[in-house]
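Novice:
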Amino acid sequence: MDIQSIIEQMTLEEKAALCTGASAWTTTPIERLGVPEMIVADGPHGLRRLANIYEWGGGSLPATCFPTASCLASTWNVDLIHEMGKALAEECIALNVDVILGPGANMKRSPLGGRNFEYYSEDPYLAGELAASLISGVQSKGVGTSLKHYAANNQEFQRFSISAEIDERTLREIYLTAFEKAVKQAQPWTVMCAYNKVNSTFASEHDELLNKILKDEWGFEGLVVSDWGAVRDRVAALKGGLDWEMPGAQARHVQAVIDAVQADELDVAVLDESVRRILRIVFMASETPKTGEFDAEAHHALARRIASEGMVLLKNNGILPLKGQQQIAVIGRSAKHAHFQGGGSSHINPTKVSVPFQELQSQVNDAEFTYAEGYPSDNAFRQDLIDEAVTLAQEADVAILYIALPTFKESEGYDRRDLDLTKQQIALIKAVAKVQPQTVVVLNNGAPIVMGSWIDDVAAVLEGWMMGQAGGGAIADILVGKVNPSAKLAETFPVKLEDTPAYLNWPGDAGTVRYGEGLFIGYRYYDKKNMPVQFPFGYGLSYTTFAYRNPQVSTSTFNDVDGVTVSVDITNTGSVAGKEIVQVYVHDRESVLARPEKELKGFAKVELQPGETKTVSIDLDFRAFAYYHPEYKQWITEDGNFDLLIAASAADIRHTLTVTLESTLNLPCILDKESTVREWMADPRSKPIFSPYYDRLEIEARKRFSGDGGEEKRYATEGDVGMDVMEMFNEMPAVSVMMFHQKAWSQHPEDIIADLLTQVHGQQR
Ligand code: BGC
638 MDIQSIIEQM
648 TLEEKAALCT
658 GASAWTTTPI
668 ERLGVPEMIV
678 ADGPHGLRRL
688 ANIYEWGGGS
698 LPATCFPTAS
708 CLASTWNVDL
718 IHEMGKALAE
728 ECIALNVDVI
738 LGPGANMKRS
748 PLGGRNFEYY
758 SEDPYLAGEL
768 AASLISGVQS
778 KGVGTSLKHY
788 AANNQEFQRF
798 SISAEIDERT
808 LREIYLTAFE
818 KAVKQAQPWT
828 VMCAYNKVNS
838 TFASEHDELL
848 NKILKDEWGF
858 EGLVVSDWGA
868 VRDRVAALKG
878 GLDWEMPGAQ
888 ARHVQAVIDA
898 VQADELDVAV
908 LDESVRRILR
918 IVFMASETPK
928 TGEFDAEAHH
938 ALARRIASEG
948 MVLLKNNGIL
958 PLKGQQQIAV
968 IGRSAKHAHF
978 QGGGSSHINP
988 TKVSVPFQEL
998 QSQVNDAEFT
1008 YAEGYPSDNA
1018 FRQDLIDEAV
1028 TLAQEADVAI
1038 LYIALPTFKE
1048 SEGYDRRDLD
1058 LTKQQIALIK
1068 AVAKVQPQTV
1078 VVLNNGAPIV
1088 MGSWIDDVAA
1098 VLEGWMMGQA
1108 GGGAIADILV
1118 GKVNPSAKLA
1128 ETFPVKLEDT
1138 PAYLNWPGDA
1148 GTVRYGEGLF
1158 IGYRYYDKKN
1168 MPVQFPFGYG
1178 LSYTTFAYRN
1188 PQVSTSTFND
1198 VDGVTVSVDI
1208 TNTGSVAGKE
1218 IVQVYVHDRE
1228 SVLARPEKEL
1238 KGFAKVELQP
1248 GETKTVSIDL
1258 DFRAFAYYHP
1268 EYKQWITEDG
1278 NFDLLIAASA
1288 ADIRHTLTVT
1298 LESTLNLPCI
1308 LDKESTVREW
1318 MADPRSKPIF
1328 SPYYDRLEIE
1338 ARKRFSGDGG
1348 EEKRYATEGD
1358 VGMDVMEMFN
1368 EMPAVSVMMF
1378 HQKAWSQHPE
1388 DIIADLLTQV
1398 HGQQR
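Note that our numbering has the sequence shown beginning at 638, numbered continuously upward.
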């Protein structure tokens, strides 16, 4: 398709119209030039394809509801997520959708985030890898994706307007990295900008985020679409890099673009670039014929497989897998009314739904089952329901509690107020556990809950997440041991809300939310504070055990650009087959800027028969060791020693290997007029020329504060200022400290520093 020639034939009106949707879910077609319409639909863990594609609301067509992102992420299985991506694409093809609006790659800054169920992790490396595999799975079938919500869309409170105030380094290392990875590794056809502002500028108008970083620096080739209703100023958004506004139609915005071009306020080249990006994707989409049907049964089975691989066994005193119990008390509404997805734009009309209770019954033939509702659908407190459950639990060999966090506590559109289950649910668990020590709790929720008040009383806890339409079967598969759990948490479960990283800066007020915890979200925070958690990042139990032996690294000294490969032998030391998730974290022993204690930089999932051993190899590249330096405005590495932690979770380090990195970077000198004495002495390029001044300063320090004309006394004594004077000088701008001792220099210190700066900036390493 000759896009350039189409652009040349388009009128200004047609160009402006193309840059805004024609309806809630479609692009503006241009029949006379053969430009077709493109259809998009939500996303991200199944298709919400409205029956009437031109309308905002109304019912959606049946589609497979896969597990939501919290569950998907807990699989740590990139191949499985890729497979799910392919299944999503098949449904798009059958239901006439060109682009699915997902995945979401925002960080889980606080477990209170209402939409956390749609996001993968508190760790940008993990989220980026998983998003990339979903995208490449979908796109391998000629269907597009929309990586969202770019960027810093981490809360629902004032989500359309709040300004996320984030320092540059934190933005780069925490909030942009997952997007960067997904863009570079998988080139999503579209990226959806967030509603919120980032450092006072709407994400939809953010030249730095959209034009400079996403398009220029990362090489994003697709189009940027607005989140639905995120555009305030259409012309500013076009200039900022927002190609396609949704939803349409927005005649007033289209006219504003036309007017701006005619008034010479908007360069037509800017409009043409957006038109080019949109046309490219529209034509790419049209190459995939939308026909046929999808295999609903096969997709349901895949959804079950993913759910069972994403559910995390958090506690097990040995009761699971169930074996030989004669009387099973099933308690809790969600046993009969599966809670398998979240509320909002990702809400799917499932092709069918597995009922957890029925699924369990069908897999355990030789037991008798009883059922009690346990808690109501609303927030009422019903002691009668608890009493009924207790009676059944007492009479049984085991009680299985199905507890779902109600939608009034968790959804898109509003944040959670606390991390608790309802009062009724907590009372229910405690009452049942009191009479029945063999109590198993099965949770359905999209984000961590606190469990301190009851976890010690129960025998087992299975985190079932928002598990998708086939989750009921997946729970049963795990409870009976047909599936050996192999999921691990992609986010920390804290002991209490007050412990969480963003607690003091959540959710913000007066139009801004300050990301005051900086780099330290998730395990980075708990590590740094050495704070206990309920369950750490990367944690999950299995019905078997694994040994980690023979850790190796390809070389102990290496260049940053070459990287290293870590390997370890994993043996299944138990009696059933299972899968283990091996994690590699990097700890920088010494760095100029503060760094987290450790950061995840690689992982692998390996399947092993009992007694079997496999060698797992994980490559660590430049970025595994680098951090973003806001003064150099680039990712940098520093010479020195790094520990490579081979781990079963963030709190379970099995082996540590130490390597020495040699940086290949030739960084520019960043000294300026305000640089301190310490900084002048730290840079190998400035140290030799500054040293004479430093020596002189030491003499001055002694003279000035010892009061006796310069004897060997650097530390203050009685009657002096009571300090190590040179230590103070070290922290002062060189020019300032030199100006306090003007008589020591033949030139004015401002001229000396100006001269030294000329010398160092001219000089390269
Ligand atoms: C959500 C997006 C969604 C869009 C279309 C917005 O409110 O934030 O995630 O894709 O609506 O439904």
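Even glycine gets a Cβ: it sits at the ideal position worked out from N, Cα and C.
Going by beta-carbon coordinates alone, are Pro-1173 and Ile-1283 separated by less than 7 Å?
Specialist: If you number the sequence shown from 1, residue 1173 lands on position 536. If you number the sequence shown from 1, residue 1283 lands on position 646. In this structure, Ile-1283 does not lie closer than 7 Å to Pro-1173 by Cβ.
Novice: Would a C-beta distance cut-off of 7 Å place Ser-783 and Thr-827 closer than the cut-off?
Specialist: Residue numbering aside, residue 783 sits at position 146 when the sequence shown is read from its first letter. Residue numbering aside, residue 827 sits at position 190 when the sequence shown is read from its first letter. Going by C-beta atoms, Ser-783 is nearer than 7 Å to Thr-827.
Novice: Could you spell out where the beta strand (DSSP E) holding Pro-1188 opens and where it closes?
Specialist: Counted from its first residue, the sequence shown places residue 1188 at position 551. Segment 1183-1190, the beta strand (DSSP E) holding Pro-1188.
Novice: Quick check: is any heavy atom of the ligand BGC less than 6 Å from the C-beta of Trp-826?
Specialist: In the sequence shown, residue 826 corresponds to position 189, counting from 1. Not under cutoff, so the answer is no.
Novice: Looking only at its own chain, which residues have a Cβ that is under 6 Å from the Cβ of Tyr-1008, when we skip the five neighbours before and after it?
Specialist: As a first step, residue 1008 must be located in the sequence shown, where it is residue number 371. The residues are Val-967.
Novice: For Ala-1391, tell me which candidate among Glu-1311, Gly-1148, Lys-852 has the shortest Cα-Cα distance.
Specialist: Working through the sequence shown from its first residue, we reach residue 1391 at position 754. Considering only alpha carbons, the answer is Glu-1311.
Novice: Rounding to the nearest angstrom, what Cα-Cα distance links Ala-654 and Ala-935 in this structure?
Specialist: Residue 654 sits at position 17 when you count from the first residue of the sequence shown. Residue 935 sits at position 298 when you count from the first residue of the sequence shown. Those two C-alpha atoms are separated by around 41 Å.
Novice: For the ligand BGC, is there any heavy atom lying closer than 6 Å to the beta carbon of Ser-982?
Specialist: Mapped onto the sequence shown, residue 982 falls at position 345. At least one heavy atom of the ligand BGC is nearer than 6 Å to the Cβ of Ser-982, so yes.
Novice: Can you confirm whether the segment 1139-1157 touches the segment 964-982 when touching is taken to mean that 3 or more C-beta pairs between the two stretches lie within less than 8 Å?
Specialist: Touching, no, given that fewer than three Cβ pairs across the two stretches are closer than 8 Å.
Novice: In whole angstroms, give me the CA-to-CA distance for Gln-795 and Glu-1135.
Specialist: Looking up residue 795 in the sequence shown gives position 158. Looking up residue 1135 in the sequence shown gives position 498. Between Gln-795 and Glu-1135, the C-alpha separation is close to 22 Å.
Novice: Based on DSSP bridge pairs, tell me the residues matched to Glu-1236.
Specialist: Working through the sequence shown from its first residue, we reach residue 1236 at position 599. Note: Glu-1236 sits in a beta bridge opposite Val-1223.
Novice: Using CA coordinates, which residue listed in Gly-741, Ala-1261, Asp-901 is at the minimum distance from Ala-831?
Specialist: The sequence position of residue 831 within the sequence shown is 194, counting from 1. When each option's Cα is compared against that of Ala-831, the closest is Gly-741.
Novice: Cβ of Leu-738 versus every heavy atom of the ligand BGC: is any distance shorter than 6 Å?
Specialist: Position 101 of the sequence shown, counting from 1, holds the residue named residue 738. Answer for Leu-738: yes, Cβ within range of the ligand BGC.
Novice: Measure the alpha-carbon distance for Thr-1354 versus Met-1363 and round it to whole angstroms.
Specialist: By 1-based counting over the sequence shown, the position of residue 1354 is 717. By 1-based counting over the sequence shown, the position of residue 1363 is 726. Only weak support exists for where Thr-1354 lies, its pLDDT of 48 falling under 50; the value from the coordinates is given anyway. Answer to the nearest angstrom: the Cα atoms are 14 Å apart.
Novice: Go ahead and pull the three-state DSSP assignment for Cys-708.
Specialist: By one-based count along the sequence shown, residue 708 stands at place 71. Note: Cys-708 maps to helix in three-state DSSP.
Novice: Evaluate His-1266 with the Cβ neighbour count: other Cβ atoms within 10 Å of its Cβ, from every protein chain shown; 16 or more gives buried, anything less gives exposed.
Specialist: By 1-based counting over the sequence shown, the position of residue 1266 is 629. It counts as buried.
Novice: So, for Arg-685: in the same chain, excluding its five sequence neighbours on each side, which residues have a beta-carbon less than 8 Å away from its beta-carbon?
Specialist: Translated into positions along the sequence shown, residue 685 becomes position 48. Cβ within range, chain order: Ala-678, Asp-679, Ser-697, Ala-700, Ser-982, Ser-983, His-984, Ile-985, Asn-986.
Novice: What is the DSSP secondary structure of Leu-1056, reduced to helix, strand or coil?
Specialist: In the sequence shown, counting from the first residue as 1, residue 1056 sits at position 419. Of the three classes helix, strand and coil, the one that applies to Leu-1056 here is coil, per DSSP.
Novice: Could you tell me the alpha carbon to alpha carbon distance between Arg-1398 and Ser-1328, rounded to whole angstroms?
Specialist: Within the sequence shown, numbered from 1, the residue matching residue 1398 stands at position 761. Within the sequence shown, numbered from 1, the residue matching residue 1328 stands at position 691. Here the sequence assigns His to residue 1398, which means Arg is not the residue at that position. Straight-line Cα distance between these residues: approximately 17 Å.
Novice: Quick one: residues in its chain with C-beta nearer than 6 Å to the C-beta of Arg-1402, no 5 flanking neighbours on either side, listed in chain order?
Specialist: Here the question's residue 1402 lines up with position 765 in the sequence shown. For Arg-1402, the pLDDT reaches just 45, beneath the cut-off of 50, and the residue's location in the model is therefore unreliable, although a value from the coordinates is still provided. Excluding residues within five positions, the ones whose Cβ falls inside 6 Å are Asn-1303.
Novice: Pull up the distance between the alpha-carbon of His-890 and that of Tyr-787, whole angstroms please.
Specialist: Taking the sequence shown and counting its residues from 1, the one referred to as residue 890 is at position 253. Taking the sequence shown and counting its residues from 1, the one referred to as residue 787 is at position 150. When rounded, the distance between both Cα atoms is 22 Å.
Novice: At a cut-off of 6 Å, would you count Trp-881 as near the ligand BGC, judging by its Cβ distance to the nearest heavy atom?
Specialist: As a working mapping, residue 881 is identified with position 244 in the sequence shown. Trp-881: no, Cβ never under 6 Å from the ligand BGC.
Novice: Taking the alpha-carbon positions, what's the Lys-1251 to Ala-1241 distance?
Specialist: Within the sequence shown, the letter at position 614 stands for residue 1251. Within the sequence shown, the letter at position 604 stands for residue 1241. Near 12 Å, if we compare the C-alpha coordinates of Ala-1241 and Lys-1251.
Novice: According to DSSP, which residues form a beta bridge with Val-877?
Specialist: In the sequence shown, counting from the first residue as 1, residue 877 sits at position 240. What sits at residue 877 in the sequence shown is Gly, not Val. In DSSP, Gly-877 forms no bridge with anything.
Novice: Answer yes or no: do Thr-1129 and Gly-1153 have a C-beta to C-beta separation smaller than 7 Å?
Specialist: Indexing the sequence shown from 1 puts residue 1129 at position 492. Indexing the sequence shown from 1 puts residue 1153 at position 516. Against a cut-off of 7 Å, the Cβ pair of Gly-1153 and Thr-1129 comes out as no contact.
Novice: Leaving out five residues before and five after Gly-1346 in sequence, what residues of the same chain have Cβ atoms less than 6 Å from its Cβ?
Specialist: For the purposes of this step, residue 1346 is identified with residue 709 of the sequence shown, where counting begins at 1. With a pLDDT of 47 at Gly-1346, under the threshold of 50, the modelled position of this residue cannot be trusted; read the value that follows with caution. Answer for Gly-1346: no residue qualifies.
Novice: Taking Cβ positions, are Val-780 and Gly-722 nearer each other than 7 Å?
Specialist: As a first step, residue 780 must be located in the sequence shown, where it is residue number 143. As a first step, residue 722 must be located in the sequence shown, where it is residue number 85. Cβ distance not < 7 Å, so Val-780 and Gly-722 don't count as in contact.
Novice: Expressed to the nearest angstrom, what Euclidean distance is found between the alpha-carbon atoms of Asp-760 and Thr-988?
Specialist: On the sequence shown, residue 760 is found 123 positions in, with the first residue counted as 1. On the sequence shown, residue 988 is found 351 positions in, with the first residue counted as 1. Using only the alpha carbons, I get a separation of about 33 Å.
Novice: Please classify Gly-1148 as buried or exposed, where buried requires at least 16 other C-beta atoms within 10 Å of its C-beta.
Specialist: On the sequence shown, residue 1148 is found 511 positions in, with the first residue counted as 1. It is exposed - the Cβ of Gly-1148 has fewer than 16 other Cβ atoms within 10 Å.
Novice: State the Cα-Cα distance for the pair Ser-1323 and His-1385, rounded to the nearest angstrom.
Specialist: The residue given as residue 1323 occupies position 686 in the sequence shown. The residue given as residue 1385 occupies position 748 in the sequence shown. Near 19 Å, if we compare the C-alpha coordinates of His-1385 and Ser-1323.
Novice: For Gly-1248, which of Thr-1181, Glu-1236, Ser-1191 has the nearest alpha-carbon?
Specialist: Sequence index remark: in the sequence shown, residue 1248 carries index 611 (1-based). If we check each option's Cα against that of Gly-1248, Thr-1181 comes out closest.
Novice: May I ask whether a heavy atom of the ligand BGC can be found less than 6 Å away from the beta carbon of Trp-662?
Specialist: For the purposes of this step, residue 662 is taken as the residue at position 25 of the sequence shown. Checking every heavy atom of the ligand BGC against the Cβ of Trp-662, none is found closer than 6 Å.
Novice: Give the DSSP-derived three-state secondary structure of Gly-1110 in the structure shown.
Specialist: As a position in the sequence shown, residue 1110 is number 473, starting the count at 1. Three-state result, Gly-1110: helix.
Novice: For the segment 1041-1061 and the segment 918-935, state whether three or more C-beta atom pairs, one from each stretch, are separated by less than 8 Å.
Specialist: In short, these stretches do not touch, since the Cβ pair count stays below three.
Novice: List the whole-angstrom C-beta distance separating Val-949 from Leu-1126, where the pair is believed to meet the contact cut-off of C-beta under 8 Å.
Specialist: Within the sequence shown, residue 949 is the residue found at index 312, counting from 1. Within the sequence shown, residue 1126 is the residue found at index 489, counting from 1. Their Cβ separation, rounded to whole angstroms, is 6 Å, which keeps Val-949 and Leu-1126 in contact under 8 Å.
Novice: Give the C-beta separation of Thr-664 and Val-919 to the nearest angstrom, bearing in mind that I take them to be a contact with Cβ-Cβ under 8 Å.
Specialist: On the sequence shown, position 27 is the one that residue 664 refers to. On the sequence shown, position 282 is the one that residue 919 refers to. Yes, they are in contact, since the Cβ atoms of Thr-664 and Val-919 sit about 6 Å apart, within 8 Å.
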